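Quick mapping for you: the protein sequence lines, in order, are chains A and B. Residues in the first sequence are numbered consecutively from 1, following our numbering. Residues in the second sequence are numbered consecutively from 209, following our numbering.
Protein chains: 2
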Amino acid sequence: MSARAQGSKKRTRIQVQNEQRIMDAALEVFSTYGYRGSTVDQIAQRAGLSKPNLLYYYAKKQDIYVAVLEHTLSDWLQPLTKLDPEGEPAEQLWNYIECKLELSRSAPKASRLFANEMLHGAHNIEPYLRGELKSLVEEKCGVIQVWIDAGKLKPIAPVHLLFMIWATTQHYADFDAQIKALCQDKREECFGKASTTLKTIFLDGLLP
Amino acid sequence: MSARAQGSKKRTRIQVQNEQRIMDAALEVFSTYGYRGSTVDQIAQRAGLSKPNLLYYYAKKQDIYVAVLEHTLSDWLQPLTKLDPEGEPAEQLWNYIECKLELSRSAPKASRLFANEMLHGAHNIEPYLRGELKSLVEEKCGVIQVWIDAGKLKPIAPVHLLFMIWATTQHYADFDAQIKALCQDKREECFGKASTTLKTIFLDGLLP
DNA sequence: TCAGTTTCTGACCTTTCGGTCAAAATAAAA
DNA sequence: TTTTATTTTGACCGAAAGGTCAGAAACTGA
Chain A
1 MSARAQGSKK
11 RTRIQVQNEQ
21 RIMDAALEVF
31 STYGYRGSTV
41 DQIAQRAGLS
51 KPNLLYYYAK
61 KQDIYVAVLE
71 HTLSDWLQPL
81 TKLDPEGEPA
91 EQLWNYIECK
101 LELSRSAPKA
111 SRLFANEMLH
121 GAHNIEPYLR
131 GELKSLVEEK
141 CGVIQVWIDA
151 GKLKPIAPVH
161 LLFMIWATTQ
171 HYADFDAQIK
181 ALCQDKREEC
191 FGKASTTLKT
201 IFLDGLLP
Chain B
209 MSARAQGSKK
219 RTRIQVQNEQ
229 RIMDAALEVF
239 STYGYRGSTV
249 DQIAQRAGLS
259 KPNLLYYYAK
269 KQDIYVAVLE
279 HTLSDWLQPL
289 TKLDPEGEPA
299 EQLWNYIECK
309 LELSRSAPKA
319 SRLFANEMLH
329 GAHNIEPYLR
339 GELKSLVEEK
349 CGVIQVWIDA
359 GKLKPIAPVH
369 LLFMIWATTQ
379 HYADFDAQIK
389 ALCQDKREEC
399 FGKASTTLKT
409 IFLDGLLP
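Structure below.
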């Protein structure tokens, strides 16, 4: 019987270890080459397993892909949950932006994995988009709207503010190749300048 | 002799027509499925040609890909060239932002094609990135820096401002799936709200 | 009309890749 | 130790995909 088909049964030590290895390898490979560009052999090799052995844990290529997507989705969601309605808008939003930028720096592969999935229609995470993510976004847009109504923020469309934050921060992971080509700064310095520029523009705007 | 190998020789009517068809089909297919996810057969079918016939015009799959990339690169570059040092910064930048947003609306496939290429390391457009694009970006960053030095803009890192503009505008093409899932507005309304939100945040900032 | 060129096609080749399977090897339980 | 369950492997399969090629068809210019 294949390892994953066992369902609720307790997981073996070996099972846990190998599944972790597979997830790591899959994130590496899928984020670099995309779904179709990645081969099961590649992932198996990176995980230190033979192909049939890998297929013993995840019966199909797509199963690996969906697993690694789900595996990283929760990390992606978390920062937004921390947006606190009680806090000061400027501080709360800046916290969130910084946190997302830091994620782009520390976990660019996860970012690229999602970006790739989005780019190709997001068919494998539709339920997540229209479920978990959507309700969280609606909740937090409510919070932002309250801040606007209280006169603490300019009147903008909350969801588009979120889009802007996502776009600007994830850009540093997703378009890394372009940034490397255009920005001669070292990584740390580049992210530093990005951070201060984002802060100025989001909070103060460009005009003096 | 294959059509493309003829080099400088004058192009036939049929050649021009079929190459155009191929470029259209290739943009459609590559932008939807990515490089590895697309098949030569698919492109041929969409172009209304048989596979060997398509391969008569472009000998290899990668040749088609590079051709369609180059074909759309110039359109992508153009808006930035119009950034006028003589004009008012706010107006010039807003023009540029609007123009890029409009491109995301009217040519989302081109945007997704680039995004995909970037995401996977941009190996096919490296020379473009480090050549044409880089020198244009340096020139325009110079312009922005002059505006800053003249006290007409807040002191931000010019290149990161460009990154922000690219990120926020292209997001609406590249992450279309996510936007469709989270934004119940009709397309036109969505882009309208995006536009006003971008204007407020870039020019005025979030805080009242 | 006819020779020469360009365009197009069907059949075919080769490689890659996702996936299967029977059986061997290893670990765990009794 | 013996039995049972889990894990691993090599050999293999079929489908898909990139690419080739000889020659047929269509177009072009004289």
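We treat Cβ as the ideally placed atom computed from N, Cα and C, and that holds for glycine. Source: prediction; values computed, not measured.
Just checking residue i against the ligand NAP - is the residue's beta carbon closer than 8 Å to any of the ligand's heavy atoms?
{"i": "A/A177", "result": "No copy of the ligand NAP appears in this structure; indeed no ligand is present at all."}
Is it true that the CB of residue j sits closer than 9 Å to the CB of residue i?
{"i": "B/L311", "j": "B/D283", "result": "yes"}
{"i": "B/L337", "j": "A/A59", "result": "no"}
{"i": "B/F383", "j": "A/A115", "result": "yes"}
{"i": "A/S195", "j": "A/E98", "result": "yes"}
{"i": "A/L207", "j": "B/D412", "result": "yes"}
{"i": "A/T209", "j": "A/R112", "result": "The displayed coordinates of chain A run from 1 to 208. Any statement about residue 209 of chain A would go beyond what the structure contains."}
{"i": "A/R36", "j": "B/G242", "result": "yes"}
{"i": "B/I409", "j": "A/I201", "result": "yes"}
{"i": "A/A107", "j": "B/H379", "result": "no"}
{"i": "B/L327", "j": "A/L119", "result": "yes"}
{"i": "A/E126", "j": "B/A389", "result": "yes"}
I need the straight-line Cα distance from residue i to residue j, nearest angstrom please.
{"i": "A/V16", "j": "B/K259", "result": "46 Å"}
{"i": "B/K348", "j": "A/N95", "result": "31 Å"}
{"i": "B/S216", "j": "B/F371", "result": "Confidence is the limiting factor: at B/S216 the pLDDT is only 48, short of 50, which leaves the residue's position unreliable and the question unanswerable from this model."}
{"i": "B/T405", "j": "B/L301", "result": "15 Å"}
{"i": "A/Q42", "j": "A/G48", "result": "10 Å"}
{"i": "B/A330", "j": "A/L54", "result": "30 Å"}
{"i": "A/C183", "j": "B/P366", "result": "11 Å"}
{"i": "A/K199", "j": "B/L341", "result": "26 Å"}
{"i": "A/G192", "j": "B/R229", "result": "46 Å"}
{"i": "B/L361", "j": "A/A90", "result": "21 Å"}
{"i": "A/A26", "j": "A/Y65", "result": "7 Å"}
{"i": "A/E117", "j": "A/I148", "result": "33 Å"}
{"i": "B/P287", "j": "B/L281", "result": "11 Å"}
{"i": "B/S246", "j": "B/A252", "result": "11 Å"}
{"i": "A/Y57", "j": "A/A110", "result": "22 Å"}
{"i": "A/L136", "j": "A/H71", "result": "18 Å"}
{"i": "A/A173", "j": "A/R187", "result": "11 Å"}
{"i": "B/R219", "j": "A/V40", "result": "44 Å"}
{"i": "B/I461", "j": "B/P363", "result": "Here chain B comprises residues numbered 209 to 416, so residue 461 of chain B is not present and cannot be evaluated."}
So the alpha helix (DSSP H) residue i belongs to, where does it begin and stop?
{"i": "A/F191", "result": "R187 to K199"}
{"i": "B/I387", "result": "D384 to L390"}
{"i": "B/H279", "result": "K269 to T289"}
{"i": "A/L55", "result": "K51 to Y57"}
{"i": "A/I156", "result": "Segment: none, A/I156 is in no alpha helix (DSSP H) and carries neither H nor E."}
{"i": "A/R105", "result": "P89 to S106"}
{"i": "B/F410", "result": "Careful: B/F410 lies outside any alpha helix (DSSP H) and carries neither H nor E."}
{"i": "A/D24", "result": "R13 to G37"}
{"i": "B/A444", "result": "Residue 444 of chain B cannot be examined here, being either before or after the span of chain B that is shown, 209 to 416."}
{"i": "A/D84", "result": "Per DSSP, A/D84 belongs to no alpha helix (DSSP H) and is neither H nor E."}
Pop quiz: residue i and residue j are said to be a contact at Cβ under 8 Å. What is the actual Cβ separation, rounded to whole angstroms?
{"i": "A/R13", "j": "A/E28", "result": "So it is not a contact: roughly 23 Å between Cβ atoms."}
{"i": "A/K100", "j": "A/I165", "result": "6 Å"}
{"i": "A/L69", "j": "A/N18", "result": "Not really, about 19 Å apart at Cβ, beyond 8 Å."}
Closer than 9 Å, Cβ to any Cβ of chain B: which residues of the stretch 27-43 of chain A, in chain order? S31, T32, Y33, G34, Y35, R36, G37 and S38
Taking Cβ-Cβ distances below 8 Å as the criterion, which residues of the stretch 110-139 of chain A are in contact with chain B? R112, A115, N116, M118, L119, H120, G121, A122, E126, L129, R130, L133, K134 and V137
Report the residues of the stretch 89-103 of chain A with a CB closer than 8 Å to any CB of chain B, ordered along the chain. P89, A90 and L93
Near-chain B residues of the stretch 138-159 of chain A (beta-carbon distance less than 7 Å), N- to C-terminal order: G151, L153, K154, I156, A157 and V159
Listed from N- to C-terminal order along the chain, which residues in the stretch 46-80 of chain A have their beta-carbon within a distance smaller than 8 Å of any beta-carbon of chain B? none
Output needed in chain order: residues of the stretch 388-413 of chain B with a Cβ under 8 Å from some Cβ in chain A. A389, L390, C391, K401, A402, T404, T405, L406, T408, I409, F410, L411, D412 and G413
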